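Visitor: Each residue of the sequence shown is one higher than the one before, starting from 1406 at the first, in our numbering.
Please find one structure pasted underneath; my questions will follow.
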Amino acid sequence: MSYKENGEEIIQKIQDECLSCGQCISECQLLQSIGEDVVEIAERLLSPKEAFSCSLCGLCEGVCPLGLSPRDMFQFMRKKAVAEGTYPIHDYKYMFPDRPLNVMKAYRQVYGVDYQELNPDREGEVAFFPGCTMLTYNPDLIFTSMDYLRKEYKDVTLLTDCCGLPLWQLGLKERWENFTQDLKEKLLKLNVKKVILACSNCYYQLQLLAKELGITLLTIYEALEDSEAFNTPIMKEKILTVHDSCPDRFQGIFAKQTRQALEKKGYQVVEMEHHHEKALCCGSGGQVTHAAPSLAQELVETRLGEVEETNAQILTAYCLGCVLNLSKNQDSIPVQHVLNLLLDFEQEYVGLKKRTQTLFDGPEGEKLWEKVMQD
Ligand code: SF4
Ligand code: SF4
C-alpha cells in the first residue's frame, strides 16, 4: 500500500468523469447519510469529520462502473486535514503504533501477554508476522499457529511488529513513512526472506515493502496448506459463511484460499449477499469505531443482518479485527477466526473487546490512561 500523492487528481477525476449513477451511494451508509451527489462532494470537498467517518472499505470503488474511488478521496482528505491541523488527530494518539505506550501495548502489559518463550524477533529467513491485533488479543492462536508452522518451517521466527496501517489510515504520512523505513531496516537486519501473514491488513500493507526488499509474502493458508490440521476433516459437516475483509477486496487472495481450505476440511460455505469484491465492512475499518462510533455500530448490525439471511451456523473471518467487531453482540451467531476452524481450536470471542475498555476503569485505570496519553 502506498500513499496516493495525487489526491487533487483523484478528486478532479471524480468531478470530470462521475456519471452520478448513485451505485456507490446505494451501497454506502456514510454517503447516504451525507446525502449529496458524489460530484457535489468532490466539488465542495469533504470536511475533516466526514473524512474520518469513512471506513476506507473501498466498496464504492468496487461497485463504480468507472472504477472511480470516493474512498481515495476520503483518504486524501484525512491526510490533508492532518497536514493542515484541522482535525484533532492527537486525540487518537492512544492508537499510534510508533508511540512507546499505546492501548494495545498497555493491554499486553496489564494482561501479561508475552512472547519471550518463542524467542521472537530473532534472525531467520522465514518469519511469522501475525500483526498487532492478533499479538494483543489472541496469543493462544499465535502459539498454536507457531506450533504448526514449526513443523513446516523448522526455524520460523516470530515478528512482534505492527505493519503501520493505523498510521496510514489516520493520515499521518510522515510517521507512516518513518515507521515503514524502520520496519524495512529490521527485516533486512534479521535477514528475512519470506514472511508468513495471518492478517489481510498486514499482507496488503506490506506488499510494496516486500517487493522492494525482494521478500516473498505467504499467507498462513498457503504456508500450512499441507499441514496435518488443515487436512484432517471435521467429523460432521457444518455450514458457515465467510466475512471478507476490505483490504482483500481487489486481489481476493485470502477470500479464495480460506474458502478452499475450509471446504477441503469439510465445511459447507454459503455466501452472504455481499461477498468477495462486494463485501461490506465489519464496522472497524479505517479506525471508524473511534471517529464515528454510531456509524460503525450501524455497519456491524448491517453485516450481522446479512448473516442472518443465510442458513449459516458459524460466521468466520480471516481478519481478527473483523472477528472481534462482529462478535461484540452476545446473542449473535458464533464467530470464529478461520484459523480456529482449520486448526481445530475454537475460542470464545464475545466480550473480548470490552476488556480493553475496562483497562482504564478506576483509579489505576486512570493513571494508565494518563501514561498512554502523555507526551
Ligand atoms: S470507502 Fe466505504 S465507507 Fe468510505 S465512501 Fe467508500 S463505501 Fe463509503
Ligand atoms: S459509482 Fe462511480 S460513477 Fe457512479 S456515482 Fe459513484 S463514483 Fe460516480
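Backbone N, C-alpha and C fix where the C-beta goes; we use that ideal spot for every residue, glycine too.
In this text the structure is predicted, and so the values were computed from the model without any measurement.
I think residue 1482 touches residue 1450, with their Cβ atoms under 8 Å apart; what is that distance to the nearest whole Å?
Guide: Contact flag correct, Cβ pair sits at about 7 Å.
Visitor: I'd like the ranges of any beta strand (DSSP E) spanning at least 3 consecutive residues and lying wholly in the segment 1501 to 1550.
Guide: Listed in chain order, the complete beta strand (DSSP E) runs (minimum 3 residues) inside the segment 1501 to 1550 are 1531 to 1534.
Visitor: With respect to the alpha helix (DSSP H) encompassing residue 1761, which residues constitute its N-terminal and C-terminal limits?
Guide: From DSSP, the alpha helix (DSSP H) with residue 1761 extends over 1759 to 1763.
Visitor: How should residue 1495 be labelled, buried or exposed, when 16 other C-beta atoms within 10 angstroms of its C-beta is the threshold for buried?
Guide: The residue in question, residue 1495, is exposed, as its Cβ has fewer than 16 Cβ neighbours within 10 Å.
Visitor: Return the chain-ordered ranges of every alpha helix (DSSP H) run that is complete within the segment 1681 to 1720 and spans a minimum of 4 residues.
Guide: The qualifying runs are 1693 to 1696, 1698 to 1713.
Visitor: At the level of alpha carbons, what is the spacing between residue 1662 and residue 1763?
Guide: If I take the Cα positions, the gap works out to 36 Å.
Visitor: Give me the Cα-Cα distance between residue 1597 and residue 1528, rounded to the nearest whole angstrom.
Guide: Cα to Cα, the separation comes out at about 7 Å.
Visitor: With C-beta atoms as the reference, is residue 1651 less than 8 Å away from residue 1433?
Guide: Not closer than 8 Å, so no.
Visitor: Helix, strand or coil, according to DSSP, for residue 1603 in the structure here?
Guide: Coil, per DSSP.
Visitor: Helix, strand or coil: how does DSSP classify residue 1408 here?
Guide: Confidence at residue 1408 is low in this model, with a pLDDT of 46, below 50, so its placement is unreliable and no value can be given for it.
Visitor: Please specify which runs of the alpha helix (DSSP H), each continuous and at least 4 residues long, are wholly inside the segment 1633 to 1676, giving them in chain order.
Guide: Runs of the alpha helix (DSSP H) inside the segment 1633 to 1676: 1658 to 1670.
Visitor: Within the 8 Å Cβ cut-off, does residue 1726 reach chain D?
Guide: You won't find chain D in this structure, because it holds only one protein chain.
Visitor: Do three or more CB pairs link the segment 1573 to 1584 to the segment 1548 to 1564 at distances below 8 Å?
Guide: No contact exists between the segment 1573 to 1584 and the segment 1548 to 1564.
Visitor: Looking at the structure shown, is residue 1741 part of a helix, part of a strand, or coil, going by DSSP?
Guide: Residue 1741: strand per DSSP, three-state reduction.
Visitor: State whether the segment 1496 to 1508 contacts the segment 1689 to 1701, with contact taken as three or more CB pairs (one from each stretch) at a distance under 8 Å.
Guide: Yes, the segment 1496 to 1508 is in contact with the segment 1689 to 1701.
Visitor: Would you kindly check if the distance between the Cβ of residue 1743 and the Cβ of residue 1378 is under 8 Å?
Guide: Lying before the first or after the last residue shown, residue 1378 is absent from the chain, which here runs from 1406 to 1780.
Visitor: When the Cα atoms are used, what is the spatial distance from residue 1600 to residue 1563?
Guide: Rounded to the nearest angstrom, the two C-alpha atoms are 10 Å apart.
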